[in-house]
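Colleague: Numbering (the UniProt record's numbering), first residue to last: 1 to 441. Virtual Cβ for every residue (Gly too), placed ideally from N, Cα, C. All of these numbers come straight from a predicted model, not from anything done at the bench.
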C-alpha cells in the first residue's frame, strides 16, 4: 500500500566476512533543517560533467549497507568496474540519465564482509544504535566512460527533504573546530550537512523507542524519516547467530512497526543484501517469507517499504526481478539499490530501470560514496568520493517507475570493518571521511 511516505529499507544480505559490528547507540537531538533535495525531474546521472562514468559492465560483486548512528553500518560489496582517474563529483542532486549500456548478470560474489552503520550525534534526547553489515566480494571489470550530465539544484522549500538525524560526522565537525582545524571541519561539514539513513537492528536496546524518536522528529520537521532495517535471521550467512532468530524476527519487526509515528512520512530500506544473498545462505524460502512478512507489517504501520535488491554489479535485471517477485510486491513501495556500495549512478539507473519495468516499482539509490565510481574494492575502498546529494523525484515516485530518489544510506566516513586498514565496522575513520570530501571537488 502507498498510504504514506514512510520509507523502510530492508537489508537484503548478511555479512559473511570478518568485519566487526559495533552496536553502541547514540543520541538524536537535532531537528534542524536537513538538506532539501526534492526535485521534479531527474536529469543525467553523472556526478560531474567533467568526470564521465564507465558504462555498466558485467562482473560479480556483492552489496554493502550503511549503519545506524552510533553503530556500524553494512559495508559495500565489491564493485564490478574500476573507475577511471577519480575526478570530483560534487554534492548536487542528479538522478536522471539514460546510459546506453545496461549491466549484464554477474556471478555471485565469492566472499562477504560486514559493513559499518552510521553513528549518531546529539540534538533531541534519544539514543540511536547502529549496526554493521557485511557483503560479498566480486571481481572488477575494466573501466569505461559513460556520458556526463548536468546537476540539479536543491529547491528552496524544506518539504520533501529527508530528516537529518545526528551522527558521527556532526560530532567530528564540532571536535575539529574545537581543535582549530577549520579547513578539515569544513570538509567534514559537507558530509554532516546531508541526511543519512538511521539503521535499525539488534544493537538497538529498545527499537520501538528508537524508531519513535526518529519518525516523530521527522514528523515535527516535515521531513522524510529514512530507516534501514537490518536484522534478518542468519544475517551473515555463516550460521554464527547474527541477526534475529527465525521465531523472533517477525515479532521484532512488530516492535519496529510499533514505533512508527503515524504523522510521519517514513521510508524503510528493508534488509540490505538479504534478498540477493538468499540462495546462498540456506533456507531461502524461510528468508523470502520473513521479508514478505516484514514488508506487510511495516506497510500496515504506514511505512513505504523499499526492499534492498543489490546493485548493478551483482545480479542481472531479470534475476533480480524474479527475486523481488518471490517476496511479492503488494506491500512494497519500491526497491533499493547500491546500498553502501560505489557503483556509478548511470550504471544503477540503466540496471534499475530494467528491474523497475519488470516488477512495476520505482527505486531509490544510495549515492553516498559513488561520486567517482567503483575501484574494484568493496570494503573501505580508498580514493572514492561523495556522490550526488539526497533528492526525491516526485514524478517517478508518483508514476511508480524509474529512479524515485537518491539517498545516503551509508554514512560516509564510517568504517566498513577491519579491512583495508580500517577500524572496526561502524567506527568513524577521519582519514577516509576527509578523502571522500576532498575527492568530491
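Label residue 169 either buried or exposed according to how many other C-beta atoms from any shown protein chain fall within 10 Å of its C-beta, with 16 as the threshold for buried.
Modeller: Buried.
Colleague: In terms of DSSP beta bridges, what is residue 224 paired with?
Modeller: Beta-bridge pairing links residue 224 to 162 and 265.
Colleague: For the beta strand (DSSP E) that contains residue 393, what are its first and last residues?
Modeller: Its beta strand (DSSP E) spans residues 391-393.
Colleague: Quick one: using the 10 Å Cβ neighbour count with 16 as the cut-off for buried, is residue 457 buried or exposed?
Modeller: No answer is possible for residue 457: it lies beyond the span of the chain, which begins at 1 and ends at 441.
Colleague: So what does DSSP say about residue 375, is it helix, strand or coil?
Modeller: DSSP places residue 375 in strand when its eight states are reduced to three.
Colleague: For residue 189, collect the residues of the same chain with a Cβ closer than 7 Å to its Cβ; drop the 5 residues on either side in sequence, then sort them by chain order.
Modeller: Closer than 7 Å at Cβ, skipping near neighbours: 173.
Colleague: In this structure, how does DSSP classify residue 411 when only helix, strand and coil are distinguished?
Modeller: Coil, per DSSP.
Colleague: For the candidate residues 388, 253 and 351, whose alpha-carbon lies nearest to that of residue 362?
Modeller: It is 351 whose Cα lies nearest to the Cα of residue 362.
Colleague: Would you say residue 372 touches the ligand FMN, meaning its beta carbon is less than 7 Å from a heavy atom?
Modeller: Among the ligands in the structure shown, none appear at all, so the ligand FMN cannot be discussed.
Colleague: Let me know the secondary structure DSSP gives residue 363 once reduced to three states.
Modeller: If DSSP states are grouped into helix, strand and coil, residue 363 belongs with the strands.
Colleague: Per DSSP, what kind of secondary structure is residue 308 in: helix, strand or coil?
Modeller: In this structure, residue 308 counts as strand in the three-state DSSP scheme.
Colleague: Give me whichever residues DSSP pairs with residue 200 in a beta bridge.
Modeller: According to DSSP, which records beta bridges pairwise, residue 200 is partnered with 229.
Colleague: Could you check how far apart the C-beta atoms of residue 325 and residue 359 are, in whole angstroms? I think they sit under 8 Å.
Modeller: Indeed they touch by this definition, with Cβ atoms about 6 Å apart.
Colleague: What do you get for residue 178, buried or exposed, if any count of 16 or more other CB atoms within 10 angstroms of its CB means buried?
Modeller: Flag for residue 178 reads exposed.
Colleague: DSSP on residue 270, reduced to helix/strand/coil?
Modeller: In this structure, residue 270 counts as strand in the three-state DSSP scheme.
Colleague: Is DSSP giving residue 288 helix, strand or coil here?
Modeller: If DSSP states are grouped into helix, strand and coil, residue 288 belongs with the helices.
Colleague: Taking the alpha-carbon positions, what's the residue 269 to residue 184 distance?
Modeller: For residue 269 and residue 184, the distance between alpha carbons rounds to 31 Å.
Colleague: So what does residue 336 bridge to, in DSSP terms?
Modeller: Looking at the DSSP assignment, residue 336 forms a beta bridge with 308 and 364.
Colleague: Are the segment 243-252 and the segment 210-227 touching by the rule of at least three beta carbon pairs closer than 8 Å?
Modeller: Output reads no: the segment 210-227 does not touch the segment 243-252.
Colleague: Taking the alpha carbon of residue 249 as the point to measure from, which residue in 259, 267, 192 and 271 has its own alpha carbon closest?
Modeller: With distances taken between Cα atoms, residue 249 lies closest to 271.
Colleague: Under the three-state reduction of DSSP, which class applies to residue 429: helix, strand or coil?
Modeller: The answer is coil: DSSP assigns residue 429 none of H, G, I, E or B.
Colleague: First and last residue of the alpha helix (DSSP H) that includes residue 281?
Modeller: Start and end: 278-281.
Colleague: Is residue 375 close to chain C, meaning its C-beta is less than 8 Å from at least one C-beta of that chain?
Modeller: Among the chains of the structure shown, chain C does not appear; only one protein chain is present.
Colleague: Check whether the Cβ atoms of residue 229 and residue 275 sit closer than 8 Å, and answer yes or no.
Modeller: It is not a contact, given that the beta carbons lie outside the stated cut-off.
Colleague: Return helix, strand or coil for residue 385, following the three-state DSSP convention.
Modeller: Three-state result, residue 385: coil.
Colleague: For residue 353, which residues from the same chain have a beta carbon less than 7 Å from its beta carbon, with the 5 sequence-adjacent residues on both sides left out?
Modeller: So the list reads 402, once near-sequence residues are dropped.
Colleague: To the nearest angstrom, how far is it from the Cα of residue 430 to the Cα of residue 422?
Modeller: Approximately 10 Å between the Cα atoms of the pair.
Colleague: Identify every residue that forms a DSSP beta bridge with residue 171.
Modeller: Answer is none; residue 171 lacks a bridge partner.
Colleague: Rounded to whole angstroms, what's the CA-CA distance from residue 171 to residue 428? Just pull it up for me.
Modeller: Looking at the two C-alpha atoms, the distance is approximately 10 Å.
Colleague: Could you tell me the distance, in whole angstroms, from the CA atom of residue 254 to the CA atom of residue 197?
Modeller: Residue 254 and residue 197: Cα-Cα distance of roughly 20 Å.
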